[in-house]
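The sequence shown runs contiguously to residue 335 in the working numbering.
For every residue, glycine included, the Cβ atom is placed at its ideal position computed from N, Cα and C.
Worksheet: the structure to be examined is printed underneath.
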Amino acid sequence: MLLNFLVLLGTGSLRFFIPFSLHLSRLHIISGILLGVCILIHLFDKSRNLRAIINPRNHPRAWLTPLVTMIVCTAVWAAAWLGLPGISHIMSLSYEQRNHASIFRSQDSVAYRNDDRLIRTTKLTSAGASLDLELTWKANPKGSTVAIWAETKAGTIIETLYLTGSLKYSESHSWEGEDSRRGKILPVWRHRYTAVCGVGPAGATDLISQPTINHQWLLDNQLNEAKESFILYVEVNLPGDGAPSLIYAASIEPESANPYTLLSLVGHSGGSEKDGELNYDVSALPANSLTVERILVKTVWGKQPDSIR
Numbered sequence: 027m028l029l030n031f032l033v034l035l036g037t038g039s040l041r042f043f044i045p046f047s048l049h050l051s052r053l054h055i056i057s058g059i060l061l062g063v064c065i066l067i068h069l070f071d072k073s074r075n076l077r078a079i080i081n082p083r084n085h086p087r088a089w090l091t092p093l094v095t096m097i098v099c100t101a102v103w104a105a106a107w108l109g110l111p112g113i114s115h116i117m118s119l120s121y122e123q124r125n126h127a128s129i130f131r132s133q134d135s136v137a138y139r140n141d142d143r144l145i146r147t148t149k150l151t152s153a154g155a156s157l158d159l160e161l162t163w164k165a166n167p168k169g170s171t172v173a174i175w176a177e178t179k180a181g182t183i184i185e186t187l188y189l190t191g192s193l194k195y196s197e198s199h200s201w202e203g204e205d206s207r208r209g210k211i212l213p214v215w216r217h218r219y220t221a222v223c224g225v226g227p228a229g230a231t232d233l234i235s236q237p238t239i240n241h242q243w244l245l246d247n248q249l250n251e252a253k254e255s256f257i258l259y260v261e262v263n264l265p266g267d268g269a270p271s272l273i274y275a276a277s278i279e280p281e282s283a284n285p286y287t288l289l290s291l292v293g294h295s296g297g298s299e300k301d302g303e304l305n306y307d308v309s310a311l312p313a314n315s316l317t318v319e320r321i322l323v324k325t326v327w328g329k330q331p332d333s334i335r
């Protein structure tokens, strides 16, 4: 019990102070389960002693201590659940709260699958419209980073659909043997994401762009109403290939009778770290950087235009 308690205490403290880690969360959860099992075994082993301790004939007020303990614990649990003053102040010191503006979480309506062969991202709206993107690799892209997002034709980011691993939870990421910022790894996406989070790639608060409430710039309206086209972008970067991140894009048109669209390589991020602008010269890219076999999108619109009904 002591060993699992210490692991639980350590992992809980780390989860409070550092970005989300799947490995740390797994260790925290399993240690909690093992501690619970050990406690049950301990209580079963000491059940006779416990019955003697709480026997009213031996201790007339033996019920008072567990009752008060339960009341205090329940009050603390309720305060934590409701985020009452005191608890909320403590939580404001956590990594999550101090960096909430730049932490990315996909919407509940977005699901994804990621393995050695492909990345698949699916968005489903309440009206039954959907967008299904499948990125297929030529070979296992070990250590790759990917961002998938949608923009209006005017260049306003609508919604980020997918972001790789630890890039979701922190501006810093281990990249090519050193600690790098998201603005260096995926500079095009990160500069455009400033309009959503209000924090620039270097960490400074952006005074021009203001973040929307809870990041609610969503793709749902475009898909449901089928009135306006939008552009789907994918930014891919592979460590050690000697190339900047590559940008794939396609215009998704509601007037098209074909629900399938292939994204094309349109540029790269060479020189984009300061302003996020695309470099459209792809002629000098090394061959080993072109590891994407294809990116295919299927779009199902909510209200189909008369021309394609």
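Query: Quick check on the DSSP output: what are the complete alpha helix (DSSP H) runs of length 4 or more inside the region 28–93, in order along the chain?; Result: 28–43, 48–71 and 73–79
Query: Since ASN125 and ASP142 are thought to touch, with beta carbons under 8 Å apart, how far apart are those beta carbons, to the nearest angstrom?; Result: Going by Cβ atoms, the distance from ASN125 to ASP142 rounds to 30 Å, so no, they are not a contact pair.
Query: Three or more beta-carbon pairs under 8 Å between the region 145–156 and the region 213–230, yes or no?; Result: no
Query: Looking at the structure shown, is THR100 part of a helix, part of a strand, or coil, going by DSSP?; Result: helix
Query: For LEU293, is the classification buried or exposed, using 16 other Cβ atoms within 10 angstroms of its Cβ as the cut-off for buried?; Result: The sequence shown places Gly at residue 293, rather than the Leu named in the question. When all chains shown are included, GLY293 counts as buried.
Query: Quick one: what's got a C-beta closer than 6 Å to TYR188's C-beta in the same chain, skipping five residues either side?; Result: TYR138, THR147 and ILE174
Query: At what residues does the alpha helix (DSSP H) containing ASN284 begin and finish?; Result: Segment: none, ASN284 is in no alpha helix (DSSP H) and carries neither H nor E.
Query: From ILE211 to LEU304, what does the alpha carbon distance come to, in whole angstroms?; Result: 14 Å
Query: Within this structure, are the beta carbons of ALA252 and GLY328 separated by less than 9 Å?; Result: yes
Query: Give the DSSP bridge partners of GLU197, in chain order.; Result: Paired residues: none, contrary to the question.
Query: Taking 6 Å as the limit between beta carbons, can you name the residues of its chain near SER277, skipping five residues before and five after?; Result: SER255 and ILE257
Query: Helix or strand or just coil, what does DSSP make of ASN305?; Result: strand
Query: State the Cα-Cα distance for the pair GLY38 and ILE116, rounded to the nearest angstrom.; Result: 14 Å
Query: Do TRP163 and VAL318 have their C-beta atoms within less than 9 Å of each other?; Result: yes
Query: Decide if GLN123 is buried, meaning its Cβ has at least 16 other Cβ atoms within 10 Å, or exposed.; Result: exposed
Query: Measure the alpha-carbon distance for ILE239 versus GLY109 and round it to whole angstroms.; Result: Reliability fails at ILE239, whose pLDDT of 42 lies under 50, so the model's placement of it is uncertain and no value is given.
Query: Okay, do the region 194–214 and the region 99–113 touch, 3+ Cβ pairs below 8 Å being the bar?; Result: no
Query: Looking at TYR306 and LEU289, is the spacing between their C-beta atoms short of 9 Å?; Result: no
Query: Can you give me the C-alpha to C-alpha distance between GLU160 and THR190, rounded to a whole angstrom?; Result: 15 Å
Query: Can you grab the Cα-Cα spacing for the pair LEU32 / SER57, in whole Å?; Result: 9 Å
Query: Just to confirm, are PRO227 and GLU299 a CB contact at a threshold of 9 Å?; Result: yes
Query: In its own chain, which residues sit with a C-beta less than 6 Å from the C-beta of SER120, not counting the 5 before and 5 after it?; Result: PHE42
Query: When burial is assigned at 16 or more other CB atoms within 10 Å of the CB, is ASP205 buried or exposed?; Result: exposed
Query: Answer with buried or exposed for ASN263, where buried requires no fewer than 16 other C-beta atoms within 10 angstroms of its C-beta.; Result: buried
Query: Between which residues of its own chain and ILE183 is the CB-CB distance below 7 Å, once the five residues before and five after are set aside?; Result: TRP175, GLU177, ARG218, TYR219, ALA221, VAL222 and TRP243
Query: Do MET27 and LEU61 have their CB atoms nearer than 9 Å?; Result: yes
Query: On the criterion of 16 or more Cβ atoms from any shown chain inside 10 Å, does PRO358 qualify as buried, or is it exposed?; Result: Nothing about residue 358 can be reported from this structure: the residues present for the chain run from 27 to 335 only.
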